[in-house]
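K.L.:
Residues in the sequence shown are numbered consecutively from -9, following the numbering used here. Yeah, the Cβ is synthetic: ideal placement off N, Cα and C, and Gly gets one too. Being a predicted model, the structure only gives us computed values, none of them experimental. Before anything else, here's the structure in question.
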Amino acid sequence: MKKFRKVLDGLTTSSPGGTMGSPSCGSAAGTPTAAPTPKEIDVQETLVSENFQLCKTVRHGFPYQPTSLAFDPVQKILAIGSRSGGVRILGRPGVDCYCQHESGAAVLQLQFLINEGALVTACADDTLHLWNLRQRRPAVLHSLKFNRERITFCHLPFQSKWLYVGTERGNTHIVNIESFILSGYVIMWNKAIELSTKTHPGPVVHLSDSPKDEGKLLIGFEGGTIVQWDLRAKKADFRIYYDEAIHSVSWHHEGKQFMCSHSDGSLTLWTLRNTTKPFQVTFPHGKIQKDGRKESCKPILKVEYKTSRSSEPFVIFSGGLSYDKAGRRPALTIMHGKAITVLEMDYPIVEFMVLCETPYNNEVQDPYAVVVLLEKDLIVVDLTQSNFPVFENPYPMDIHESPVTCTAYFADCPPDIIPILYSIGAKNKKTGYSHKEWPIGGGTWTLGSHTYPEIIITGHADGSIKFWDASAFTLQMLYKLKTSKVFEKPKPGEGRAAELGEEDPFAVQMVSWCPHSRIFCVVGISAHIILYRFSKYDANTQIVSLEVRLQCEPEDIITPSENENNPCFSEPGSHSPQPHHQHPLSPGSRTPDGAKDSIPCLKVKDKMVRVPPGYQSDLVIQLLWVDGEPPQQITSLDLNSAYGLLAFGNCNGLAVVDYLQKTVILCISTLDLYGATDPYQRLTRSPRRNRQSTSGLTELTDNQQSIDMERSKSPTSVKGPGRKLSLPTDLKTDLDHVNGHCTSPTSQPCSAGKPRIPMGPEGPRLTRRGPGRPPFRKAQSAACMEISLPVSHTEGHASRRAMLQQLHGVTMYSHDEHHTTAAYCWNERESRENSFSRSRSSSVSSIDRDTKEAITTLQFGESYGRKSDALPTPCLWVGTSLGVGILIPLSIPTDQEERMEDPVTVGPSGAVQMLKGSVLRFGFLDCNGALIQSPYEVWRDLNAPEDPDRPRRRKLVHFSPSSSQDAFGEGHLAIVCSERQAKVFLMPSQSCLFVHNITESSFVLRADVVSLCNSVCLACFCANGHVMTLSLPSLRPLMDVNYLPLTDMRIARTFCFTNEGQALYLSSPTEIQRITYSQEMCDNLQEMLGELFTPIETPEAQNRGFLKGFFGGNAHTFDREELFGEAAAGKASRSLAQHIPGQGGVEGMKVAASGAVGELARARIALDERGQRLGELEERTALMMTSAETFSKHAHELMLKCKDKKWYQF
């Protein structure tokens, strides 16, 4: 009795407003009956709130919309800034750090404090930030916000603590890096130029100190003016006025000459001996035309002038190509002596930087590589070889090679799967890379103690699949699979792509993978499914194809008045598919009225093909066109290797395929799935004419099992490869069509007050798709979707429908009682991108006439199809968009020979469960609370040589619900999660034990039953950005964090949970963000991340020699503190810039839970802040002492001066 009370207590605490006697928890039909008494279940739940904490771990991929680049030549780490305010810092493989500015302003420029473990960022909101890189998670130490001027350029000399900042007004300010306080020393633009100059020189585009003398600052203005400013004398040494706008300046290491790049595509070389005119003017890509004039060229945006000990100097620049050559790709030009090499790039060049051996600008540079930052790629060119090869990039920068359309995440995979995928993928790697080691090798990284095999799978718009090794917070591509190789190439202007405007006919919509059996299944946007098997051997094979006609059947409109005596069923058997004894049209054929019929969207290769080792196609399933209507996109998929079955569904119905026998065993509409257990009061069906019938109404209702068993028989079979199999029309569904929606039987568009018009057999058919509504959208790249979706309470329903349409690729209408026909007036733009439908009411008991019930989730597993079942049997759980969970029992032959010959039969629908919102996920626990895994077949290589001593047999691994219990057949727990609600049922009694309303104001986008800390929980991601976890089976809330407000469909389509407390989503079109919701992983995160800073001694400057030092200038060191310090320059105006103290690591504590770790972090930060304050106090004390000494000195001088004077001499 005590245990029974625990169950009741769990019900009352976890489901406010939900009762055990509610219709949703009652009988299978959803009628308000008393719930069965639950058995005594005492599950010891071990997970508590302290086990959960949400934080970001690592980000993979190419920085989206990059803007700037910086490199530390001593630490050998690279930083990339982006338009969204992000900074990626890269070192050796495994050292990859992502930082984000809170303001989100674009990063204009990056400057490393070389070998100091710090980085300065200049952002578009005119703020400078100092980042501390000496911690695994960098944090901002100081910020300086400019109020009256806009930052255009920054320069930090090596081993200097004074940062030069150029502004849009042409002024140059100086910032102390240590205190981040503005100096009173300012170089005003009107002082830099001559007084006689009448025009403003423009913004500062370049700042650099002379290699010959650190006390000379070269200032480049956009208008073409160059000034060398003597910092000591506070005057200009020389001024250069040039006609063309300046983009960049680069010094020769000796400091006697410099080179400028200009907007007309020219390079000018200037010497300090004669600054009246350029020493040399060249147009590298401007040829002289016949009339004697030079070709007009594009601007040279940047030039670098680097010297080498062993060869001629390098002049490297971007841009400068002639305008006349149309279609020429962006290029980087390398001029080495008389040789000019043009490296064409795939994308526009954002920035480049030459890597040199020395950090000193007054030494021979000896460049060895050039880093080129493109809009969508990062390339490093080897300058030490004459053919300039590129280095092989160890970072996963090509995730977006084709836009990502779906993701899948698998943690704790079988340990042998990663090495074998890598060995297969390594055979197809590109060659021609530089043989030298990757030059960006800074930081340290070690394999943490909490590591296990992890794999991420990405599907792409071009039909390719990529397998990535994601173990230990790294990402490395293992294997690439191209699904388009299964099909013939569509000819330009022909086929489905041309007719429907489909740009990506092979785009991947979803994937399903069984790591144990290595069976992989891909769903494409053209309503096709490809099943792959893994083999270590190549093979010659012919692709087997199945064609399935999963489409609602068009019928003539019949008025109810013609059959008034029998409004429900005018003809017997109208609820089951009827056989049509006509042969389907051959592929490519059309109906008499010219509409396409019985042809797939893509053509499968019909010849023998040689497939390499790896994943090899075993079966292709395609949905067919019907009467000019293309098939609807597939919305759900599941496969089970132990059963040899594959199930998929869309908004029209469900199909189950036996991929061992290559047959379709079930093809049925969603409505027909219910049989006699339909929980909704459907509208009456229209009678149908001219249809053959063999059974009466009594047979349909009284002998439902025989009808369902007959329906489940396989209509087609194949004995050998190479034969195309077409599903005949005897398995077509039996629903009317209005505007392309599966509807209730009497559905027909009818304006209020207008009578229905009877139609004869020759009358026009209703168009099955609304005007202007295309059958398919463009492949919905998860990377390219930037649709803004509101998540407020008032607009939540509309945004939910729009989101789900894009999420599933179909339009799912809900049973809102206030629908009007105006809701179905489509225009092409709305139907392609953002079509809406009203939200469903949670208390409606009948379905509107235009309802389209889609299959939203499928799950194979061992369960109890009937309440009376004593033993678990193979079952298929089906979830629909109307919140209905249906259990379909399967009869599968157990003997291997019988399995390949006898058909798999499908029983009538068993349990029906009701929830609020579309069903998203099923999960199963035994009565001890342990997760029940789906059975699987152990992998066997079908192409391996035959061994007569060891015949090849299937080896199955089953996880029966009763295997972990003492008593046989005690049952198990079924977890069903929908958009708004989660329920736990006890099988086989089907009694609802626990209910929890997850959200009222939003809806769940993704839900998974995951294992964590040797237990299980239900993880949910909602549209309002909340990440939640619920205990199982009691559904107690354990964590609810407002993490990520959903702003576009990309996150919704790619967010996925996995075991061990991890999840990921596509944070931008080019980047994958991984997060963890495990407290244990958050605690160990520091040791798993790489160190950015490693203590390295700064290389010593070369001995220049006596004569070179004597005649080369720079005879004495330049003391910047003496010039720019407060004692000499005074204080800057407070209104010019505002100092903002940094968080200093508080960012990492925002999501930290209370506890020892949190307290230690707070104590550490408090110590840092105290140390910072002590440092500031010490600096102020030193300044006061300096001021006092200066005052004493002046007072003493004054005393000596006045000592011998008489009173009248004053």
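In chain order, what residues of the same chain have a beta carbon less than 8 Å from the beta carbon of D1215, not counting five sequence neighbours either side?
P.N.:
Nothing about residue 1215 can be read from this structure; the chain reaches only from -9 to 1200.
K.L.:
Starting from the Cα of V966, find the closest Cα among G875, C1012, A901, E990 and give me that residue.
P.N.:
G875
K.L.:
Hey, quick one: how far does the alpha helix (DSSP H) through S39 stretch, first residue to last?
P.N.:
No alpha helix (DSSP H) holds S39; DSSP gives it neither H nor E.
K.L.:
Who are the near neighbours of E1090 in its chain, counting only those whose CB is closer than 8 Å to its CB and skipping five residues on each side?
P.N.:
Nothing meets the Cβ criterion.
K.L.:
Whose CA, out of Y399, S1068, S286, F993, lies closest to the CA of P1035?
P.N.:
F993
K.L.:
Applying the criterion that 16 or more other CB atoms from any shown protein chain within 10 Å of the CB defines a buried residue, is D528 buried or exposed?
P.N.:
exposed
K.L.:
Starting from G449, trace the beta strand (DSSP E) in both directions and tell me its first and last residue.
P.N.:
444 to 450
K.L.:
I'd like to know whether the C-beta atoms of P443 and S525 end up nearer to each other than 8 Å.
P.N.:
no
K.L.:
Does DSSP classify N105 as helix, strand or coil?
P.N.:
coil
K.L.:
Within the continuous beta strand (DSSP E) that includes S308, where are the two ends?
P.N.:
304 to 309
K.L.:
Roughly how many angstroms separate the alpha carbons of V985 and I515, rounded to a whole number?
P.N.:
36 Å
K.L.:
Is it the case that the Cβ atoms of C511 and L627 are separated by a distance below 8 Å?
P.N.:
Contact flag set, yes.
K.L.:
Measuring straight from C-alpha to C-alpha, what distance separates N987 and Q971?
P.N.:
4 Å
K.L.:
Please determine, among G961, L848, F136, E341, the residue with the shortest C-alpha to C-alpha distance to S502.
P.N.:
L848
K.L.:
In angstroms with no decimal places, state the Cα-to-Cα distance between C1072 and G1015.
P.N.:
20 Å
K.L.:
If you drop the 5 nearest sequence neighbours on each side, which residues of the same chain put their C-beta closer than 6 Å to that of K1183?
P.N.:
Around K1183, the same chain offers no residue with a beta carbon nearer than 6 Å, after the five sequence neighbours per side are excluded.
K.L.:
Does DSSP put T884 in a helix, a strand or coil?
P.N.:
coil
K.L.:
DSSP three-state call for W435: helix, strand or coil?
P.N.:
Three-state result, W435: coil.
K.L.:
Using only alpha-carbon positions, find the residue among Q532, E204, Y54, L1075 that is nearest to V601.
P.N.:
Q532
K.L.:
Should T1066 go down as buried or exposed, given a rule of 16 or more other Cβ atoms within 10 Å for buried?
P.N.:
buried
K.L.:
Classify C1010: buried if its beta carbon has 16 or more other beta carbons within 10 angstroms, exposed otherwise.
P.N.:
buried
K.L.:
I need the boundaries of the alpha helix (DSSP H) containing G514, first residue and last residue.
P.N.:
Premise fails: G514 lies in the beta strand (DSSP E), 509 to 514, not in any alpha helix (DSSP H).
K.L.:
Could you give the distance in angstroms between the alpha-carbon of L613 and the alpha-carbon of D115?
P.N.:
53 Å
K.L.:
Which residue from E1081, L1079, T653, F52 puts its Cα closest to that of I611?
P.N.:
T653
K.L.:
What residues in its chain sit with their C-beta under 7 Å from that of Y1214, if we drop five residues either side in the sequence?
P.N.:
Residue 1214 falls outside the range modelled here, since the chain spans only -9 to 1200, and no answer is possible.
K.L.:
My output table needs one value for K1191: the three-state DSSP class, helix, strand or coil.
P.N.:
helix
K.L.:
Output the distance between the C-alpha atoms of I624 and V513, rounded to the nearest integer angstrom.
P.N.:
7 Å
K.L.:
Return the chain-ordered list of same chain residues with a C-beta closer than 6 Å to the C-beta of I278, the five sequence neighbours on each side being excluded.
P.N.:
K284
K.L.:
Using C-beta distances below 6 Å, list every residue in its chain close to F136, excluding the 5 sequence neighbours before and after it, in chain order.
P.N.:
D116, A1127
K.L.:
Assign I31 to one of two classes, buried (16 or more other C-beta atoms within 10 Å of its C-beta) or exposed (fewer than that).
P.N.:
With 16 or more Cβ atoms within 10 Å of its Cβ, I31 is classed as buried.
K.L.:
Check the DSSP bridge columns for M467 and list the partner residues they point to.
P.N.:
W458
K.L.:
Give the range of the alpha helix (DSSP H) segment to which M1202 is assigned.
P.N.:
This structure leaves residue 1202 out entirely; the chain is present only between -9 and 1200.
K.L.:
Output the distance between the C-alpha atoms of S376 and A462, rounded to the nearest integer angstrom.
P.N.:
38 Å
K.L.:
What's the C-alpha gap between A1013 and S968?
P.N.:
13 Å
K.L.:
Buried or exposed, going by whether 16 or more other CB atoms sit within 10 Å of the CB of T189?
P.N.:
exposed
K.L.:
Going by alpha carbons, who is nearest to Q1133 out of F1083, H91, L44?
P.N.:
H91
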